[in-house]
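*Asks:* What follows is a single structure, and I will ask about it in a moment.
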Amino acid sequence: MACNHRPPCLLAFFFFAAIASAQLSSTFYSTSCPLAIQTIRQAVRAAVAKEARMGASLLRLHFHDCFVNGCDGSVLLDDTPSFTGEKTAVPNNNSLRGFDVIDNIKSQVEAVCKQVVSCADILAVAARESVAALGGPPWTVQLGRRDATTASLDAANTEIPSPKSDLDDLISAYSKKGLSTTDMVALSGAHTIGQARCISFRDRIYNETSIDSSLATSRQSNCPSSGGGDDNLSPLDAQLFGGGSTDSLVTTYSTNTARFFSDFAAAMVKMGNISPLTGTDGEVRLNCRKTN
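Here the sequence shown is numbered in the UniProt record's numbering, starting from 1 and rising by one per residue.
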């Protein structure tokens, strides 16, 4: 329909322009920073080659970022006089790692294009590249996120699912983020590529009956029920997340890698779209640890 009155037409134009600018796109940096993805990929592969566990750590950083007020890079911020960041939250303190790797990636990206690529987008791409470096599935990362100018210790303490959560708690926590039960199981499966501290799974291997007894026994050998060992590391297994209505899906994933890869990749795309800052919201940080 033709526009006969200039002001309404201008309003409509700006309205739709705002919608367009708020959308993420896989080609967001194609013109503004064409070397961004390649630079992040090379840095991640170097970090994973140096320490394979780092791949899982970078993936986890993206997860913990997205679950607290959306994928906005807030997890990377250090404390300031005006707010306490998320790094000392119970799920993160002495647990999240890889911040130095992100710092290195950011400095390399800044060298090829100044203040163009957000820290939130670096986390999203680094997660994908980490999974690829470890032999996992690819997915298309949507880009165009901007960085938060604040962080929330309280939100980090309440919104990130606890290792002690039961199945209903996990389903509810993921549902609040727009993620399905299938997404929850697939994303939980990502724990099988890394290692976990004894303190995060001690209760399960000593107190739950739904876990395979041989798996529980093997994990108990490196995770005493008391008297220390909190930081002892062990690989996880999907069976630690079994017990209940999701058992059949866990079993399917254990025998059908293609199905798991497909569902995991789809879930990562959905998680990466949780409440991103776009358009003119937020900022593009020069240093991922502090606001501009």
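Glycine included, each C-beta is placed from N, C-alpha and C at the ideal position.
All values derive from a computational prediction rather than experimental measurement.
Suppose contacts are defined by Cβ-Cβ distances below 8 Å. Is Ile40 in contact with Ala133 by that definition?
*Replies:* No.
*Asks:* Could you check if Gln142 is buried or exposed, using at least 16 other CB atoms within 10 Å of its CB as the buried criterion?
*Replies:* buried
*Asks:* Cα separation between Met54 and Ile102?
*Replies:* 11 Å
*Asks:* Considering only C-alpha positions, which residue in the set Thr257, Thr246, Thr150, Ser248 is nearest to Pro81?
*Replies:* Thr150
*Asks:* Output yes or no for whether 8 Å exceeds the beta carbon distance between Leu123 and Lys270.
*Replies:* no
*Asks:* Go ahead and label Glu129 buried or exposed: buried means 16 or more other beta carbons lie within 10 angstroms of its beta carbon, across all protein chains shown.
*Replies:* buried
*Asks:* Please classify Thr246 as buried or exposed, where buried requires at least 16 neighbouring CB atoms within 10 angstroms.
*Replies:* buried
*Asks:* Please state the DSSP three-state secondary structure of Ser275.
*Replies:* coil
*Asks:* Glu110 bridges to which residues according to DSSP?
*Replies:* Glu110 is bridged by DSSP to nothing; it lacks a bridge partner.
*Asks:* Roughly how many angstroms separate the alpha carbons of Ser30 and Asn256, rounded to a whole number?
*Replies:* 35 Å
*Asks:* Taking the DSSP output, what are the residues bridged to Ser25?
*Replies:* Leu143
*Asks:* Mind pulling the beta strand (DSSP E) runs of 3 or more residues that sit fully within the segment 132 to 211?
*Replies:* Those beta strand (DSSP E) runs which fall completely within the segment 132 to 211 and span 3+ residues are 195 to 197.
*Asks:* Here's the rule I'm using: 16 or more other beta-carbon atoms within 10 Å means buried, otherwise exposed. How should Ala49 be labelled?
*Replies:* Exposed is the call here.
*Asks:* Consult DSSP for Glu283 and reduce its assignment to one of helix, strand or coil.
*Replies:* Under the three-state reduction of DSSP, Glu283 is assigned to strand.
*Asks:* Looking at the unbroken alpha helix (DSSP H) that takes in Lys50, where does it start and where does it end?
*Replies:* 36 to 50
*Asks:* Excluding the 5 residues preceding and the 5 following Gly227 in the sequence, name in chain order all residues of the same chain whose CB lies nearer than 7 Å to its CB.
*Replies:* Closer than 7 Å at Cβ, skipping near neighbours: no residue.
*Asks:* Can you grab the Cα-Cα spacing for the pair Trp139 / Ala156, in whole Å?
*Replies:* One C-alpha to the other measures close to 27 Å.
*Asks:* Closest by CA to Leu187, which one among Asp154, Ser26, Gly136?
*Replies:* Gly136
*Asks:* In angstroms, rounded to a whole number, what distance separates the CA positions of His62 and Val112?
*Replies:* 23 Å
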